[in-house]
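S.K.:
There are 2 protein chains.
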Amino acid sequence: MRKRRPTIIDVADRAGVSKSTAARALAGGENILPETRGRVLTAAQAVGYEPNHLAVGMRSGRSGMLGLVIPDIANPFWAEVARGAQDRAAEVGVSLLVFSSDWDPQKEENHLRALRRARVDGAIVNPVSDTLDDLDRFGLPFVLIGSSAERFADVSSVGSNITQAVTLGLDHLVAKGHQAPVLIVGPKSRLARTRFLNAVNRHCIERDVDPAPLLIVDGEYTLEGGREAMLQVLDRPHFGHVCVFAANDMMAIGAMLAVRERGLSCPEDVSILGFDGIPSGAFTFPGLTTIAKPGRDIGARAVESLFDEIEGRPEHGRVYMPCRLIDRGSLADLSREPRQMVG
Amino acid sequence: MRKRRPTIIDVADRAGVSKSTAARALAGGENILPETRGRVLTAAQAVGYEPNHLAVGMRSGRSGMLGLVIPDIANPFWAEVARGAQDRAAEVGVSLLVFSSDWDPQKEENHLRALRRARVDGAIVNPVSDTLDDLDRFGLPFVLIGSSAERFADVSSVGSNITQAVTLGLDHLVAKGHQAPVLIVGPKSRLARTRFLNAVNRHCIERDVDPAPLLIVDGEYTLEGGREAMLQVLDRPHFGHVCVFAANDMMAIGAMLAVRERGLSCPEDVSILGFDGIPSGAFTFPGLTTIAKPGRDIGARAVESLFDEIEGRPEHGRVYMPCRLIDRGSLADLSREPRQMVG
DNA sequence: GCGGAGCATGGGAACGTTACCATGCCACAT
DNA sequence: ATGTGGCATGGTAACGTTCCCATGCTCCGC
Numbered sequence: 001m002r003k004r005r006p007t008i009i010d011v012a013d014r015a016g017v018s019k020s021t022a023a024r025a026l027a028g029g030e031n032i033l034p035e036t037r038g039r040v041l042t043a044a045q046a047v048g049y050e051p052n053h054l055a056v057g058m059r060s061g062r063s064g065m066l067g068l069v070i071p072d073i074a075n076p077f078w079a080e081v082a083r084g085a086q087d088r089a090a091e092v093g094v095s096l097l098v099f100s101s102d103w104d105p106q107k108e109e110n111h112l113r114a115l116r117r118a119r120v121d122g123a124i125v126n127p128v129s130d131t132l133d134d135l136d137r138f139g140l141p142f143v144l145i146g147s148s149a150e151r152f153a154d155v156s157s158v159g160s161n162i163t164q165a166v167t168l169g170l171d172h173l174v175a176k177g178h179q180a181p182v183l184i185v186g187p188k189s190r191l192a193r194t195r196f197l198n199a200v201n202r203h204c205i206e207r208d209v210d211p212a213p214l215l216i217v218d219g220e221y222t223l224e225g226g227r228e229a230m231l232q233v234l235d236r237p238h239f240g241h242v243c244v245f246a247a248n249d250m251m252a253i254g255a256m257l258a259v260r261e262r263g264l265s266c267p268e269d270v271s272i273l274g275f276d277g278i279p280s281g282a283f284t285f286p287g288l289t290t291i292a293k294p295g296r297d298i299g300a301r302a303v304e305s306l307f308d309e310i311e312g313r314p315e316h317g318r319v320y321m322p323c324r325l326i327d328r329g330s331l332a333d334l335s336r337e338p339r340q341m342v343g
Numbered sequence: 001m002r003k004r005r006p007t008i009i010d011v012a013d014r015a016g017v018s019k020s021t022a023a024r025a026l027a028g029g030e031n032i033l034p035e036t037r038g039r040v041l042t043a044a045q046a047v048g049y050e051p052n053h054l055a056v057g058m059r060s061g062r063s064g065m066l067g068l069v070i071p072d073i074a075n076p077f078w079a080e081v082a083r084g085a086q087d088r089a090a091e092v093g094v095s096l097l098v099f100s101s102d103w104d105p106q107k108e109e110n111h112l113r114a115l116r117r118a119r120v121d122g123a124i125v126n127p128v129s130d131t132l133d134d135l136d137r138f139g140l141p142f143v144l145i146g147s148s149a150e151r152f153a154d155v156s157s158v159g160s161n162i163t164q165a166v167t168l169g170l171d172h173l174v175a176k177g178h179q180a181p182v183l184i185v186g187p188k189s190r191l192a193r194t195r196f197l198n199a200v201n202r203h204c205i206e207r208d209v210d211p212a213p214l215l216i217v218d219g220e221y222t223l224e225g226g227r228e229a230m231l232q233v234l235d236r237p238h239f240g241h242v243c244v245f246a247a248n249d250m251m252a253i254g255a256m257l258a259v260r261e262r263g264l265s266c267p268e269d270v271s272i273l274g275f276d277g278i279p280s281g282a283f284t285f286p287g288l289t290t291i292a293k294p295g296r297d298i299g300a301r302a303v304e305s306l307f308d309e310i311e312g313r314p315e316h317g318r319v320y321m322p323c324r325l326i327d328r329g330s331l332a333d334l335s336r337e338p339r340q341m342v343g
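From first to last, the protein sequence lines stand for chains S and H. If you read the first sequence in full-length UniProt numbering, its first letter stands for residue 1, the second for the next number, and so on. If you read the second sequence in full-length UniProt numbering, its first letter stands for residue 1, the second for the next number, and so on.
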């Protein structure tokens with residue numbers, strides 16, 4: 001037989017006051033005798049009172065919970081995002097309901113329904129569906145995250161700053177003496193591919209370089225996709241040091257495996273630059289030099305924006321979080337060596 | 001101005017019935033005219049009714065939420081556990097409140113308090129504190145997970161089967177022609193170290209081998225810890241092929257880096273067997289052969305046990321989930337080669 | 001000396017749901 | 001014809017909290 005959990009009435013009784021007074025004391029409100037408050041606090045401690053958030057949410061309309069819908073909590077990047085959101089939410093005593101959608105619109109819809117029913121105060125969503133119907137029906141404040149959020153204008157969203165990231169990467173390559181990197185990018189269907197290539201083009205034009213001759217190779221956003229793309233590159237006739245900029249760390253690591261498979265070595269024969277910043281980039285040999293997306297910051301900032309949204313001061317714009325370079329050794333330094341004239 | 005969310009009364013009014021009848025129809029209960037139920041369901045659909053779980057939880061005493069407190073959601077193993085728990089919970093329409101304790105008893109306590117206040121129906125906890133005080137005070141059904149749970153007897157807990165895992169690993173090593181592996185284990189203070197070594201001893205005795213001569217090397221449970229341990233092994237005078245069984249994938253990967261650092265190669269000169277099954281074990285070259293802990297299954301089984309606990313049919317014992325071997329190539333096959341006589 | 005301001009406290013409604021009991025109706029057996 | 005049982009439905013209390021208003025008291029100024 002599990003015993004009943006103490007309520008504010010138990011506290012009030014023990015302190016010899018009414019439940020209104022007990023509530024006032026616990027809320028730290030005004031108009032209460034310090035001595036009375038002390039009695040109530042002592043009583044609450046004594047009976048082991050814990051406020052019932054269900055009741056609070058019911059009465060106040062604020063459940064103190066937020067929803068987080070990401071593709072997969074077991075994916076390192078999304079786990080980082082979740083962690084950032086969690087930490088920021090915990091600072092203000094808010095709990096997070098976490099769901100994984102597996103890039104499946106049906107699951108996404110189910111999860112959003114669960115969030116509506118749980119009466120979360122708002123939600124952070126990496127949208128899978130092409131439309132915002134489910135989210136509109138959501139009828140609650142929400143903030144989108146990730147690159148897929150960029151399809152929707154006039155909605156609050158948080159993502160990484162691809163333009164800045166690409167600039168960072170390409171400038172670093174140039175500083176290390178590399179020219180015209182081969183670009184290993186995702187499949188044509190993916191929005192992220194277009195945005196990555198656009199950023200590269202913009203950067204080249206800004207630096208007065210013609211982006212047209214850059215070699216672009218396709219592949220799935222996976223280890224195997226990167227490996228195949230790299231094999232394709234190595235099997236083309238080529239000359240001198242090869243430099244590769246992969247749109248994703250998985251592909252970059254796959255490319256590194258391919259290099260070794262062909263009996264070449266990184267970074268002596270091939271330089272590889274990744275993009276994501278997954279921790280396991282440190283597990284390869286040499287460690288993967290990459291541009292890290294600020295997953296944790298994105299999660300934290302999304303919670304921040306969501307609070308704004310909830311408080312009724314929405315920004316309705318996209319926030320771009322800056323990326324940073326992690327230098328681990330997969331890039332050769334050719335800047336001291338004699339330049340190879342091309343063309 | 002955000003408009004009020006429809007309640008069961010709105011549904012009842014629109015269907016022209018009382019809220020009792022509406023509730024019965026929605027609950028799919030007995031004693032209701034099929035035609036009436038139809039009208040109610042249509043009305044619910046029309047007004048976009050979503051049951052308020054806060055109110056349900058308040059009235060029924062079941063919030064439909066579970067708590068999950070793990071060390072770090074950004075750690076691949078724990079992310080897998082979370083994913084497994086999530087999926088199992090979602091099957092029955094239960095939501096998960098996820099918290100990261102960072103192995104910090106203070107944070108653990110705060111998270112448990114948050115769970116109590118949210119009135120979750122139960123919690124799954126990887127315990128950090130040495131005592132169960134916080135959990136006892138929890139006053140709710142709970143299930144422990146992970147190896148740190150084994151400190152506590154007479155409590156429901158779920159973890160991986162270390163004994164079976166070690167048997168699997170050592171038998172596999174023998175099948176590949178290896179003898180007397182060097183054991184790279186964690187620091188003396190850790191409980192997991194003892195349990196790992198005990199399992200090795202038991203296995204040796206069972207297979208009629210003297211475990212005494214096995215070389216045991218210490219290190220932190222990190223990449224660097226594994227690297228240093230391996231360097232130590234390689235710098236000792238040794239002879240022939242070296243075989244290493246690391247108690248953790250991170251250490252195994254660190255060991256692999258050390259091998260390459262000394263100009264040797266894996267698996268030609270050194271064979272390495274890991275333990276954990278983190279996905280990034282596939283990123284090394286060669287891929288890490290390892291014994292995978294069933295993180296997802298552990299999470300799912302913990303939810304299962306927690307349901308039992310909640311329903312009042314507690315088992316109060318430890319469940320050991322079987323591990324499996326992932327063969328990726330970091331072990332040389334010496335079984336066809338001439339045996340090296342030792343001693 | 002008395003009215004009213006100001007403060008500490010108490011009483012009660014409301015949030016949305018479910019569980020229980022009451023009501024009214026029809027059909028069937030006596 | 002009348003009691004009885006079963007079934008569809010309605011009414012209402014209760015879950016634990018907060019918020020608003022009422023009450024009673026003290027203290028101050030006229």
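Each residue gets a CB set at the ideal place from its N, CA and C atoms; glycine is no exception. Fair warning: this is a prediction, and the values are worked out from it, not measured in the lab.
Which ranges does the alpha helix (DSSP H) cover as unbroken runs of at least 4 residues, wholly within the stretch 271-319 of chain S, from first to last along the chain?
M.R.: 295-311, all fully within the stretch 271-319 of chain S.
S.K.: Is the separation between the beta-carbon of Ile70 of chain H and that of Ser95 of chain H shorter than 8 Å?
M.R.: Cβ atoms of Ile70 of chain H and Ser95 of chain H: not closer than 8 Å.
S.K.: Would you give the residue range spanned by the beta strand (DSSP E) that Leu66 of chain H belongs to?
M.R.: Start and end: 65-70.
S.K.: Whole-angstrom Cβ separation of Ala255 of chain S and Ile272 of chain S, contact assumed at under 8 Å?
M.R.: That pair is a contact at about 6 Å.
S.K.: Using a Cβ cut-off of 8 Å (strictly closer), state whether His53 of chain H contacts chain S.
M.R.: His53 of chain H counts as touching chain S.
S.K.: Beta-carbon within less than 6 Å of Arg336 of chain H's beta-carbon, same chain only, minus the 5 sequence neighbours each way: which residues are those?
M.R.: There are no such residues.
S.K.: Distance, Cα to Cα, Pro141 of chain H vs Ala79 of chain H?
M.R.: Rounded to whole angstroms, Pro141 of chain H to Ala79 of chain H spans 23 Å at the Cα level.
S.K.: Pull up the CB-CB distance for Leu54 of chain S and Arg14 of chain H, whole angstroms please, since I reckon it's below 8 Å.
M.R.: In fact, because the Cβ distance is near 27 Å, the residues do not count as touching under 8 Å.
S.K.: Does DSSP classify Gly240 of chain H as helix, strand or coil?
M.R.: If DSSP states are grouped into helix, strand and coil, Gly240 of chain H belongs with coil.
S.K.: In whole angstroms, give me the CA-to-CA distance for Leu144 of chain H and Ile310 of chain S.
M.R.: Straight-line Cα distance between these residues: approximately 35 Å.
S.K.: With Ala123 of chain S as the anchor, note down where its beta strand (DSSP E) starts and where it stops.
M.R.: Residues 122-125.
S.K.: Could you tell me how far apart the beta carbons of Glu315 of chain H and Ser148 of chain H are, in whole angstroms, since I believe they sit closer than 8 Å?
M.R.: That pair is no contact at about 19 Å.
S.K.: Is it buried or exposed for Asp297 of chain H, if we count other Cβ within 10 angstroms and need 16 for buried?
M.R.: By the neighbour-count rule (16 or more Cβ atoms within 10 Å), Asp297 of chain H is buried.
S.K.: Output needed for Arg88 of chain S: all residues of its chain with C-beta closer than 6 Å, excluding positions within five of it in sequence on either side, in chain order.
M.R.: Closer than 6 Å at Cβ, skipping near neighbours: Ala300, Val303.
S.K.: Counting contacts by CB-CB distance shorter than 8 Å, is Glu80 of chain H in contact with chain S?
M.R.: Yes, contact with chain S.
S.K.: What in chain H is Cβ-close to Arg301 of chain S, meaning under 8 Å?
M.R.: None at all; the shortest Cβ gap to chain H is about 17 Å.
S.K.: What number of angstroms, rounded off, separates the C-alpha of Asp104 of chain S from the C-alpha of Phe239 of chain H?
M.R.: Their Cα atoms are separated by approximately 54 Å.
S.K.: Cβ atoms of Ala258 of chain S and Leu223 of chain S: under 8 Å apart, would you say?
M.R.: In this structure, Ala258 of chain S does not lie closer than 8 Å to Leu223 of chain S by Cβ.
S.K.: So Met321 of chain H and Pro279 of chain H are supposed to be a Cβ contact under 8 Å. How far apart are they, rounded?
M.R.: Contact flag wrong, Cβ pair sits at about 18 Å.
S.K.: Measure the Cβ-Cβ separation of Asn198 of chain S and Tyr221 of chain S and say whether it is below 8 Å.
M.R.: No, these two residues do not count as a Cβ contact at 8 Å.
S.K.: Which residues bound the beta strand (DSSP E) around Leu264 of chain S?
M.R.: From DSSP, Leu264 of chain S is part of no beta strand (DSSP E); its letter is neither H nor E.
S.K.: Taking the alpha helix (DSSP H) that Leu168 of chain H falls in, what are its first and last residues?
M.R.: 162-175 is the span of the alpha helix (DSSP H), which, as asked, contains Leu168 of chain H.
S.K.: Within its chain, find whatever has a CB closer than 6 Å to the CB of Pro211 of chain H; leave out the 5 residues flanking it on each side and keep chain order.
M.R.: Cβ neighbours of Pro211 of chain H beyond the five flanking positions: Asn201, Cys204.
S.K.: Among H:Gly177, H:Ala192, H:Pro237, which residue has its Cα nearest to the Cα of Asp218 of chain H?
M.R.: With distances taken between Cα atoms, Asp218 of chain H lies closest to H:Ala192.
S.K.: Which whole-angstrom value describes the C-beta separation of Gln97 of chain H and Leu97 of chain S, a residue pair presumed to lie in contact below a C-beta threshold of 8 Å?
M.R.: Sequence inspection shows Leu at residue 97 of chain H; the Gln mentioned does not correspond to that position. Indeed, because the Cβ distance is near 6 Å, the residues count as touching under 8 Å.
S.K.: Output, in chain order, the set of chain S residues within a Cβ distance shorter than 8 Å of Glu50 of chain H.
M.R.: In chain order: Arg113, Arg116, Arg117.
S.K.: Select from the stretch 270-286 of chain S all residues with a C-beta closer than 9 Å to any C-beta belonging to chain H, and list them in chain order.
M.R.: Cβ contacts with chain H: Ile278, Pro279, Ser280, Gly281, Ala282, Phe283, Thr284, Phe285.
S.K.: Looking at the C-beta of Val98 of chain H, does it have a partner C-beta in chain S at a distance below 8 Å?
M.R.: Taking Cβ atoms only, chain S reaches closer than 8 Å to Val98 of chain H, which makes this a yes.
S.K.: Rounded to a whole number of angstroms, what is the C-alpha to C-alpha distance between Asp276 of chain S and Thr194 of chain S?
M.R.: Asp276 of chain S and Thr194 of chain S: Cα-Cα distance of roughly 17 Å.
S.K.: What do you get for Leu33 of chain S, buried or exposed, if any count of 16 or more other CB atoms within 10 angstroms of its CB means buried?
M.R.: Result: exposed.
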